[in-house]
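Residue numbers (the working numbering): 34 to 165.
The next block holds one structure in the form of structure tokens; read it before the comments.
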């Protein structure tokens with residue numbers, strides 16, 4: 034899809050703070066996180082954000098990446114949990130959101146305000162997670 038921001042990120046047209054990438058899936062930090070280390074896991078190919086319409090093969094690959102990345106986040110940020118959400122609301126492109134808990138419940142995180150973080154801080158955080 035030509036104007037999809039996630040498609041542009043997947044193609045490298047828009048920079049991101051990448052955590053992990055393979056042939057089909059990419060994971061990167063959210064630029065307006067609701068919790069420190071919040072990450073997105075997206076398909077490189079544009080797929081609808083409606084969960085029941087997701088290609089099962091891509092879904093399986095995305096779950097494996099989400100599992101791997103959530104472990105990296107958990108270890109590097111010393112958080113006890115990483116919550117996974119499938120909303121498909123903000124961007125009409127298949128994706129998961131990974132929320133490090135930092136001692137909060139999911140509703141507390143989701144009802145919070147975005148944490149304003151500089152690009153430099155996000156890149157340092159991405160590096161910390163990548164090397165975990």
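The beta-carbon is built from N, C-alpha and C at its ideal position, and this holds for glycine as well.
For residue 89, the enclosing alpha helix (DSSP H) starts and ends at 89-110. Boundaries of the alpha helix (DSSP H) around residue 38: 38-43. Contact check for residue 98 against residue 58 passes: the beta carbons are separated by less than 8 Å. Pairwise C-beta distances place the stretch 75-85 out of contact with the stretch 135-151, as fewer than three of them are shorter than 8 Å.
Distance from the CA atom of residue 120 to the CA atom of residue 130, rounded to whole angstroms, is 8 Å. Between residue 128 and residue 37 the beta-carbon gap is near 11 Å, outside 8 Å, which marks them as no contact. A straight-line Cα-Cα distance of about 23 Å links residue 52 and residue 89.
Ranked by how close their Cα comes to the Cα of residue 48, the residues 86, 152 and 132 have 152 in first place.
Looking at 66, 124, 54 and 111, the one whose alpha-carbon comes closest to that of residue 83 is 124.
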